[in-house]
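Data first, discussion second: the structure below is written as structure tokens.
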Amino acid sequence: MLKRVLIANRGEIAVRIARACRAASVECVGLYAAGEEPYHVTFCDDAVELPGGPQTYLDAAELVRLAIETRCDAVHPGYGYLAEDTDFARRATEAGMVFVGPSPDAIALAGDKVRARAAAIACGVPVVAASAGYVEDEEQVVRFGEVHGWPVLLKAANGGGGRGQRLVTDADHAAAALKECREEAVLAFGTDAVFCEQYLTATRHVEVQALADTTGGIVILGDRDCSVQRRNQKLLEEAPAPGLAEAVRAGLRESSRTLLRSLGYTGAGTVEFLVTGDHYYFMEINARIQVEHPVTEEIFGVDVVREQLRVASGEPLSVTEGEPRGHALEVRINAEDAEHGFIPSLGRLEAFSVPHAPGVRFDTGYRAGDVVAAHYDSLLGKLIVWGPDRAACLHRMLDALDSVRVVGVDTTAGLARAIVAHPDFASGCVTTAWLTERLERADLGPIARPVAASGIAAVPVVDTHTVTIAGRPLRVPVDSDPPSAAAAQEARIALARSNPWLAGASDSDDAVDASRRVVTSSTTGAVSAVRVSVGALVEEGDPLLVLEAMKMLVPIPAPITGRVTDIRAAVGDTVQHGETVAVVEIPAQLAEIRRQQ
Numbered sequence: 081m082l083k084r085v086l087i088a089n090r091g092e093i094a095v096r097i098a099r100a101c102r103a104a105s106v107e108c109v110g111l112y113a114a115g116e117e118p119y120h121v122t123f124c125d126d127a128v129e130l131p132g133g134p135q136t137y138l139d140a141a142e143l144v145r146l147a148i149e150t151r152c153d154a155v156h157p158g159y160g161y162l163a164e165d166t167d168f169a170r171r172a173t174e175a176g177m178v179f180v181g182p183s184p185d186a187i188a189l190a191g192d193k194v195r196a197r198a199a200a201i202a203c204g205v206p207v208v209a210a211s212a213g214y215v216e217d218e219e220q221v222v223r224f225g226e227v228h229g230w231p232v233l234l235k236a237a238n239g240g241g242g243r244g245q246r247l248v249t250d251a252d253h254a255a256a257a258l259k260e261c262r263e264e265a266v267l268a269f270g271t272d273a274v275f276c277e278q279y280l281t282a283t284r285h286v287e288v289q290a291l292a293d294t295t296g297g298i299v300i301l302g303d304r305d306c307s308v309q310r311r312n313q314k315l316l317e318e319a320p321a322p323g324l325a326e327a328v329r330a331g332l333r334e335s336s337r338t339l340l341r342s343l344g345y346t347g348a349g350t351v352e353f354l355v356t357g358d359h360y361y362f363m364e365i366n367a368r369i370q371v372e373h374p375v376t377e378e379i380f381g382v383d384v385v386r387e388q389l390r391v392a393s394g395e396p397l398s399v400t401e402g403e404p405r406g407h408a409l410e411v412r413i414n415a416e417d418a419e420h421g422f423i424p425s426l427g428r429l430e431a432f433s434v435p436h437a438p439g440v441r442f443d444t445g446y447r448a449g450d451v452v453a454a455h456y457d458s459l460l461g462k463l464i465v466w467g468p469d470r471a472a473c474l475h476r477m478l479d480a481l482d483s484v485r486v487v488g489v490d491t492t493a494g495l496a497r498a499i500v501a502h503p504d505f506a507s508g509c510v511t512t513a514w515l516t517e518r519l520e521r522a523d524l525g526p527i528a529r530p531v532a533a534s535g536i537a538a539v540p541v542v543d544t545h546t547v548t549i550a551g552r553p554l555r556v557p558v559d560s561d562p563p564s565a566a567a568a569q570e571a572r573i574a575l576a577r578s579n580p581w582l583a584g585a586s587d588s589d590d591a592v593d594a595s596r597r598v599v600t601s602s603t604t605g606a607v608s609a610v611r612v613s614v615g616a617l618v619e620e621g622d623p624l625l626v627l628e629a630m631k632m633l634v635p636i637p638a639p640i641t642g643r644v645t646d647i648r649a650a651v652g653d654t655v656q657h658g659e660t661v662a663v664v665e666i667p668a669q670l671a672e673i674r675r676q677q
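Counting the sequence shown from 1 gives a position; the numbering used here is that position plus 80.
Now the structure itself:
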């Protein structure tokens with residue numbers, strides 16, 4: 081068995097790994113950034129400060145150096161960060177340490193969606209239509225859409241976690257979508273490699289949990305349904321996947337086994353599929369522990385992380401395949417404002433408590449008093465419940481969510497309760513588009529009201545006027561019955577409150593002036609892109625800047641149609657919530673048109 085493990089991660093997964101190490105009598109070393117006193121290090125035998133701050137979690141060479149310095153014989157990457165980084169795995173191995181995960185070669189193949197798809201085809205596993213290789217320009221996207229039909233899904237070849245994806249509805253949007261997808265891919269995964277794939281509607285996201293050891297043994301631990309998603313990121317997961325035809329369930333298991341065996345895969349891994357009716361299609365391989373692994377643990381009585389440590393030590397798996405017992409459901413409680421477009425919510429956790437009851441488990445990396453910061457992801461914790469059947473499990477989850485108490489930041493707990501209580505979810509047949517559709521229809525209650533993409537839904541507009549300025553046609557919304565100044569200001573403030581993805585309508589004189597709008601940041605974050613320059617003409621809703629906050633890209637759009645007269649932030653700057661980042665003014669020609677209406 082391993083003797084001392086560096087946990088190259090933080091938060092709830094670091095706590096989870098530390099507990100598994102303790103159960104296996106293995107010492108572990110935690111990491112933390114200067115000025116922090118994180119919860120996870122309290123579970124470790126030793127802890128070391130990251131010399132470069134939070135960014136060091138992404139520095140493979142420095143992490144290996146720290147592992148050597150702290151006399152570790154192994155590193156566990158957890159999920160996210162460098163968990164699926166071939167260079168990190170190879171550096172650790174070459175330094176004489178054990179990387180708790182698959183081999184570098186297996187990680188490289190599984191992490192490249194184009195290569196993994198080719199491996200699936202070679203194994204006879206069904207796949208959806210996709211580009212033969214990486215997409216180089218928008219013309220390739222257009223040709224693919226013309227052949228296979230619109231919409232088309234652009235995906236980062238080395239992506240994961242729902243990031244690096246863009247849905248392209250038609251040829252006119254191909255160039256912009258490709259640019260955004262590449263930028264997000266570079267930010268999240270360090271490469272702009274992108275491919276395109278046929279977009280299937282009314283699909284479920286079902287995945288298979290597998291464990292494989294160095295003797296060739298592969299144990300399939302059932303399946304999970306992860307169809308409840310927002311912006312391609314999972315919110316709820318359950319096991320086993322409800323309502324699957326037995327032939328489909330068996331096919332998923334055997335396809336996963338065949339594919340992983342062909343790769344010589346070892347450790348914990350997940351094979352993800354899209355399921356529609358009686359058909360399933362390979363999507364990707366996650367060569368790491370998954371966020372949602374606890375639901376599998378609950379129904380099979382297995383410690384997945386402990387099995388990872390066994391495999392890394394060269395020992396055979398201690399578990400065998402069997403039938404699941406009962407049903408388990410996991411809810412991710414994120415520090416996000418579900419009522420306002422899921423923007424990150426930052427601050428100090430003044431109070432943070434969850435229920436302690438039979439069949440209820442909470443995995444977290446926070447405690448009351450901790451600060452939720454912009455440079456980490458938004459996951460506060462995972463609420464997991466078990467029940468003898470699905471109905472009992474859902475009932476227990478509703479009770480548990482009623483007892484969650486968080487003060488200091490907004491969370492998705494209220495949204496999760498509305499989802500679990502919804503008849504569609506209770507029926508067990510929701511698709512990956514279901515939550516988006518419910519939010520658009522506003523039938524989940526006030527905790528999940530929809531956010532209009534352009535923001536104009538909050539201010540009734542019945543007509544538009546097109547005018548050309550400096551050679552560019554601009555669409556100008558026009559009220560058929562112009563409101564009073566007081567009503568207009570009230571509407572602008574209502575708009576800002578209903579959709580903070582849009583530039584804020586502050587109470588300053590600048591904001592009240594209908595011909596000049598100060599653009600404020602909707603969250604605290606780092607500027608990852610500036611889309612316009614001073615003097616540019618923009619339409620309402622056009623992105624001005626893009627912020628990175630909690631590993632999400634947050635666009636700051638133009639609040640009005642007009643000309644950009646000031647940009648007060650540059651790439652790399654950190655801006656605070658409410659800070660002015662730009663100014664947009666209505667040119668005289670547009671102002672005159674509005675006065676004439």
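Just so you know, even glycine gets a beta-carbon here, dropped at the ideal spot from N, CA and C. Since the structure is predicted, the reported quantities are computational estimates derived from the model, not experimental observations.
Query                                                                                                                         : Result
Cβ-Cβ distance between Arg-441 and Leu-315 below 8 Å                                                                          : no
Coarse secondary structure for Leu-181, derived from DSSP in three states                                                     : Looking at the sequence itself, residue 181 is Gly, so the reference to Leu does not match. Here Gly-181 sits in coil by DSSP.
Nonlocal neighbours in the same chain, by C-beta distance under 7 Å from Asp-126, ignoring five residues either side          : Val-109, Thr-150
Met-363: first and last residue of the uninterrupted alpha helix (DSSP H) it sits in                                          : Looking at the DSSP string, Met-363 is not in any alpha helix (DSSP H); the run it does join, the beta strand (DSSP E), is 359-366.
Proximal residues to Pro-231 (C-beta, below 7 Å), its chain only, five neighbours per side dropped                            : Leu-247, Val-248, Thr-249, Tyr-279
Member of Ala-448, His-420, Asp-450 whose CA lies at the smallest distance from the CA of Leu-495                             : His-420
Start and end residues, alpha helix (DSSP H) containing Glu-378                                                               : 373-380
Candidates Thr-122, Gly-115, Asp-303, of which the one nearest Ile-87 by Cα                                                   : Thr-122
Between the CA atoms of His-373 and Arg-552 - distance to the nearest angstrom                                                : Confidence at Arg-552 is low in this model, with a pLDDT of 48, below 50, so its placement is unreliable and the value that follows should be read with caution. Those two C-alpha atoms are separated by around 52 Å.
Limits of the beta strand (DSSP E) - the one that His-407 falls within                                                        : 407-414
Cβ neighbours of Leu-162 in the same chain (closer than 8 Å, five flanking residues each side left out)                       : Ala-88, Tyr-137, Leu-138, Ala-140, Leu-143, Phe-168
For Leu-429 and Val-489, believed in contact at Cβ under 8 Å, the rounded distance                                            : 7 Å
N-terminal and C-terminal residue of the alpha helix (DSSP H) that Pro-623 is part of                                         : Here Pro-623 belongs to no alpha helix (DSSP H); instead the beta strand (DSSP E) covers 623-629.
Arg-447 classed as buried or exposed, judged by whether at least 16 other C-beta atoms fall within 10 angstroms               : exposed
Alpha-carbon to alpha-carbon, Asp-479 and Ala-437                                                                             : 10 Å
Straight-line gap, Ala-392 to Gly-181 (C-alpha atoms, nearest Å)                                                              : 7 Å
Meets three-Cβ-pair contact criterion under 8 Å: the region 326-344 and the region 377-394                                    : no
Ser-335 vs Ala-199 beta-carbon contact at 8 Å                                                                                 : no
Supposed close pair Leu-354, His-285 - CB separation, criterion 8 Å                                                           : 7 Å
Through-space distance from Asp-293 to Ile-640, alpha-carbon basis                                                            : 59 Å
Length of the line joining the Cα atoms of Pro-118 and Pro-184                                                                : 30 Å
Proximity below 8 Å, CB of Arg-643 to CB of Leu-625                                                                           : no
Ser-398 versus Thr-271, Thr-295, Gly-115, residue with shortest Cα-Cα distance                                                : Thr-295
Same chain, Cβ closer than 8 Å to Gly-381, five either side skipped, listed in chain order                                    : Arg-405
Inter-residue spacing [alpha-carbon to alpha-carbon] between Ala-113 and Pro-134                                              : 6 Å
Within the region 88-157, ranges of the beta strand (DSSP E) (whole runs, at least 3 residues)                                : 107-112, 126-129, 154-156
Burial state of Ile-666, where buried means 16 or more other Cβ atoms lie within 10 Å                                         : buried
Inter-residue Cα distance where the pair is Val-208 and Tyr-361                                                               : 6 Å
Local conformation of Gly-191 per DSSP, three classes                                                                         : helix
Alpha-carbon to alpha-carbon, Met-81 and Met-177                                                                              : 13 Å
First and last residue of the uninterrupted beta strand (DSSP E) at Thr-660                                                   : 660-665
Neighbourhood of Thr-356 by C-beta distance below 8 Å, restricted to the same chain and skipping five residues each side      : Leu-280, Ala-282, Thr-283, Arg-284
Residue from Cys-124, Arg-84, Gly-439 with nearest C-alpha to Val-95                                                          : Cys-124
Bridge-paired residues (DSSP) for Val-607                                                                                     : Leu-627
C-beta atoms of Gln-245 and Lys-259 nearer than 8 Å                                                                           : no
Chain-order list of residues whose beta-carbon lies under 7 Å from that of Pro-396 (same chain, five-residue window excluded) : Asp-293, Thr-295, Gly-297
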